[in-house]
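Engineer:
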Amino acid sequence: MNYFSSQFKLGILGGGQLGKMLLTETRKFDIYTCVLDPSDDAPSKIACNEFTQGNLMDYHTVYNFGKNVNVLTIEIENVNVDALEALEKEGVKVYPSSETLRTIQNKATQKLFYVDHNIPTADFVRFAYVSEIEDAIDNGGLQLPFVWKAAQFGYDGNGVKIVRSKSDLKELQDGECIAETMIPFKNELAVIVSRNPNGQVKTYPVVEMEFHPEANQVEYVICPARIKFHVAKKAQETALKVSEAFNHVGLLAVEMFQTETDEILVNEVAPRPHNSGHHTIESGYTSQFEQHLRAILNLPLGKTDHKVAGVMVNLVGAEGHTGDVHYQHIEDILAMEGVTPHIYGKKQTRPFRKMGHVTIVNEDLNTARKIAEDVKNLIQVISQK
């Protein structure tokens, strides 16, 4: 099929920053794009050919949107999967598939999938209600501390909490959830795997993620990860095993723990472009967004090596600031060598909201990491007075 400067239509469910960065690549290739998002201020609105405002969880909205495109993809997991399944039956190509998405959408189902496919992951217990957790602690079925995760609709650290005492249970939202064993780990790692319908598969280099202790959000992504070769190899192999089990099409970001004994355990996955791959825009031969396009359109996959060391810093809303956004000291970071800010286009800031990211590239990884810290300490995402 001819995708370039043609009648072909690509549909994207979700119009956030991932969609906006994906649209940079569709514009590069002149691929006609349609975006569906609930917000009329969605960052992707300015960059697509057709924008539709609508609820991503509503069956008829998603179904009617999908009927008018040739290939449908996502930039967020929380979409109506029944509509995707109906569209697939009618011949619309949907990547990732409704089956893959159904498994991944629910963290309990996702964890059971790993167990069924002999993929190493932290032990867990599944609960229908938060009230059942206290009983499990009392009867010895669950040990404190543990990691609580809402089964559905968690994002950016929301829906995840470390429970250290029974009093912490009061803060948890009710509903289906899992309680995971706390893993003492050295590093949190991620590998992005790309796969096209022909079965061509490529992995990106292993990255290391440093998290903000309170927000439970990634603060820095470091590529390549500062780990031994045999650990990197094991992480790549584990990611490929997960990818093969899902048989997904597009990108699959596999987040993992490196334990104190250098075992690799899968934490969770995202079947789309991912925060851990943003650095590839500047540091890689093929950005993750271009690769996602290549994969879902069944084109040859691009080279995944990194050209230069890269560190990404997330720009999140400062605590105590809500309202119209102002990026303080952005001119100062632009004066630094190898520093590229990406502003997502969200007009309103609030504490810990993802507002943008900055990539730092340098021949020397340690230098890049140091500049990243300078960037983090300098730029402030605040509200206008």
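In UniProt numbering, the protein residues as written are 1 to 385.
Idealized CB from N, CA, C, for every residue including glycine.
The structure presented is a predicted model; accordingly, all values stated were derived computationally and were not measured.
Assuming G66 is part of the alpha helix (DSSP H), what are its boundary residues?
Structural biologist: The count along the sequence shown starts at 1 and reaches residue 66 at position 66. G66 -> alpha helix (DSSP H) spans Y59 to G66.
Engineer: Tell me whether A335 is buried or exposed, calling it buried when 16 or more other Cβ atoms sit within 10 Å of its Cβ.
Structural biologist: On the sequence shown, position 335 is the one that residue 335 refers to. Burial call: exposed.
Engineer: Express the C-alpha separation of A318 and E219 in angstroms, rounding to a whole number.
Structural biologist: Along the sequence shown, one-based indexing puts residue 219 at 219. Along the sequence shown, one-based indexing puts residue 318 at 318. Roughly 13 angstroms between the two C-alpha positions.
Engineer: State buried or exposed for M21, treating a residue as buried only when at least 16 other CB atoms are found within 10 Å of its CB.
Structural biologist: On the sequence shown, residue 21 is found 21 positions in, with the first residue counted as 1. Result: buried.
Engineer: At which residue ranges does the region 196-252 contain complete beta strand (DSSP E) runs of 3 or more residues, listed in the order of the chain?
Structural biologist: Complete beta strand (DSSP E) runs here, min 3: 201-203, 207-211 and 218-223.
Engineer: Which residue comes first and which comes last in the beta strand (DSSP E) that contains L23?
Structural biologist: One-based indexing of the sequence shown puts residue 23 at position 23. Looking at the DSSP string, L23 is not in any beta strand (DSSP E); the run it does join, the alpha helix (DSSP H), is Q17 to F29.
Engineer: Pull the bridge partners of C48 from the DSSP assignment, please.
Structural biologist: For this step, residue 48 is matched to residue 48 along the sequence shown. Answer is none; C48 lacks a bridge partner.
Engineer: Nearest CA to the CA of N118: which residue from I264, T52 and V308?
Structural biologist: Counting from 1 along the sequence shown, the entry for residue 118 is found at position 118. Per the Cα distances, I264.
Engineer: Just the Cα atoms here: how many angstroms apart are Y32 and N80?
Structural biologist: Indexing the sequence shown from 1 puts residue 32 at position 32. Indexing the sequence shown from 1 puts residue 80 at position 80. One C-alpha to the other measures close to 23 angstroms.
Engineer: Buried or exposed: where does F257 fall if 16 or more other Cβ atoms within 10 Å of its Cβ makes it buried?
Structural biologist: Locating residue 257 in the sequence shown gives position 257, where the first residue counts as 1. Buried, because 16 or more other Cβ atoms sit within 10 Å of the Cβ of F257.
Engineer: Strictly by DSSP, which residues pair up with A126?
Structural biologist: Numbered from its first residue, the sequence shown carries residue 126 at position 126. For clarity, residue 126 is Arg in the given sequence; the question names Ala instead. According to DSSP, R126 bridges with I178.
Engineer: Nearest by alpha-carbon distance to N198: which of G11, N298, K354 and V69 is it?
Structural biologist: If you number the sequence shown from 1, residue 198 lands on position 198. Measuring from the Cα of N198, the nearest candidate turns out to be N298.
Engineer: Is it a yes or a no for the region 53-73 touching the region 82-90, going by three-plus beta-carbon pairs under 8 angstroms?
Structural biologist: In short, these stretches touch, since the Cβ pair count reaches three.
Engineer: Could you tell me whether the Cβ atoms of N275 and I227 are closer together than 8 angstroms?
Structural biologist: Counted from its first residue, the sequence shown places residue 275 at position 275. Counted from its first residue, the sequence shown places residue 227 at position 227. Cβ distance not < 8 angstroms, so N275 and I227 don't count as in contact.
Engineer: Tell me which residue opens and which closes the beta strand (DSSP E) that S383 is part of.
Structural biologist: Mapped onto the sequence shown, residue 383 falls at position 383. Where S383 is concerned, the enclosing beta strand (DSSP E) stretches over Q380 to S383.
Engineer: Let me see if you follow: with CB-CB separation under 8 angstroms, is N78 close to chain C or not?
Structural biologist: Absence of chain C from the displayed structure is noted, only one protein chain being present.
Engineer: Looking at the unbroken alpha helix (DSSP H) that takes in D324, where does it start and where does it end?
Structural biologist: Your numbering for residue 324 matches position 324 in the sequence shown. Premise fails: D324 lies in the beta strand (DSSP E), G323 to Q328, not in any alpha helix (DSSP H).
Engineer: Enumerate in chain order the residues of its own chain whose CB-to-CB distance from I343 is below 6 angstroms, with the five nearest sequence positions on each side excluded.
Structural biologist: The count along the sequence shown starts at 1 and reaches residue 343 at position 343. These residues qualify, in order along the chain: G356.
Engineer: Is V130 near D174, with beta carbons less than 8 angstroms apart?
Structural biologist: As a working mapping, residue 130 is identified with position 130 in the sequence shown. As a working mapping, residue 174 is identified with position 174 in the sequence shown. Their beta carbons are under 8 angstroms apart, which means V130 touches D174 by this criterion.
Engineer: Have a look at D123 and T181 and give me their C-alpha separation to the nearest angstrom.
Structural biologist: Residue numbering aside, residue 123 sits at position 123 when the sequence shown is read from its first letter. Residue numbering aside, residue 181 sits at position 181 when the sequence shown is read from its first letter. Answer to the nearest angstrom: the Cα atoms are 6 angstroms apart.
Engineer: Between the Cα of E171 and the Cα atoms of P184, I183 and K149, which residue gives the shortest distance?
Structural biologist: The count along the sequence shown starts at 1 and reaches residue 171 at position 171. If we check each option's Cα against that of E171, K149 comes out closest.
Engineer: Count the C-beta pairs between the region 367-374 and the region 305-314 that are closer than 8 angstroms, then say yes if the count reaches three, no if not.
Structural biologist: As far as the Cβ criterion goes, the region 367-374 touches the region 305-314, which means the pair count is three or higher.
Engineer: Would you call R353 buried or exposed, if buried means 16 or more other Cβ atoms sit within 10 Å of its Cβ?
Structural biologist: What you label residue 353 is simply residue 353 of the sequence shown in a count that begins at 1. By the neighbour-count rule (16 or more Cβ atoms within 10 Å), R353 is buried.
Engineer: Give the secondary structure of T121 by DSSP, where H, G and I count as helix, E and B as strand, and everything else as coil.
Structural biologist: The residue given as residue 121 occupies position 121 in the sequence shown. It is a strand residue.
Engineer: Taking the alpha-carbon positions, what's the G19 to V201 distance?
Structural biologist: Along the sequence shown, one-based indexing puts residue 19 at 19. Along the sequence shown, one-based indexing puts residue 201 at 201. For G19 and V201, the distance between alpha carbons rounds to 23 angstroms.
Engineer: At the level of alpha carbons, what is the spacing between I76 and R272?
Structural biologist: Here residue 76 refers to the residue found at position 76 of the sequence shown. Here residue 272 refers to the residue found at position 272 of the sequence shown. Each residue's Cα considered, the two are about 8 angstroms apart.
Engineer: Thinking C-beta only, is R164 closer than 8 angstroms to A295?
Structural biologist: Against the sequence shown, residue 295 aligns to sequence position 295. Against the sequence shown, residue 164 aligns to sequence position 164. Taking 8 angstroms as the Cβ cut-off, A295 and R164 do not qualify as a contacting pair.
Engineer: Return the first residue and the last residue of the beta strand (DSSP E) that residue 398 is part of.
Structural biologist: For residue 398 there is no data in the structure shown, the boundaries of the chain being 1 and 385.
Engineer: Rounding to the nearest angstrom, what Cα-Cα distance links P120 and Q384 in this structure?
Structural biologist: Here residue 120 is taken as the residue at index 120 of the sequence shown, counted from 1. Here residue 384 is taken as the residue at index 384 of the sequence shown, counted from 1. Taking the straight line joining both Cα atoms gives about 47 angstroms.
Engineer: Report the CB separation of G207 from L189 in whole angstroms; it is logged as a contact under 8 angstroms.
Structural biologist: On the sequence shown, residue 207 is found 207 positions in, with the first residue counted as 1. On the sequence shown, residue 189 is found 189 positions in, with the first residue counted as 1. The amino acid occupying residue 207 in the given sequence is Val; Gly does not appear at that position. At roughly 7 angstroms, the Cβ-Cβ gap stays under 8 angstroms, so V207 and L189 are in contact.
Engineer: Can you tell me which of the three DSSP states G316 falls into?
Structural biologist: In the sequence shown, counting from the first residue as 1, residue 316 sits at position 316. Looking at the sequence itself, residue 316 is Val, so the reference to Gly does not match. It is a strand residue.
Engineer: What residue range does the alpha helix (DSSP H) around H292 cover?
Structural biologist: For the purposes of this step, residue 292 is taken as residue 292 along the sequence shown, with counting starting at 1. Q288 to I296 is the extent of the alpha helix (DSSP H) around H292.
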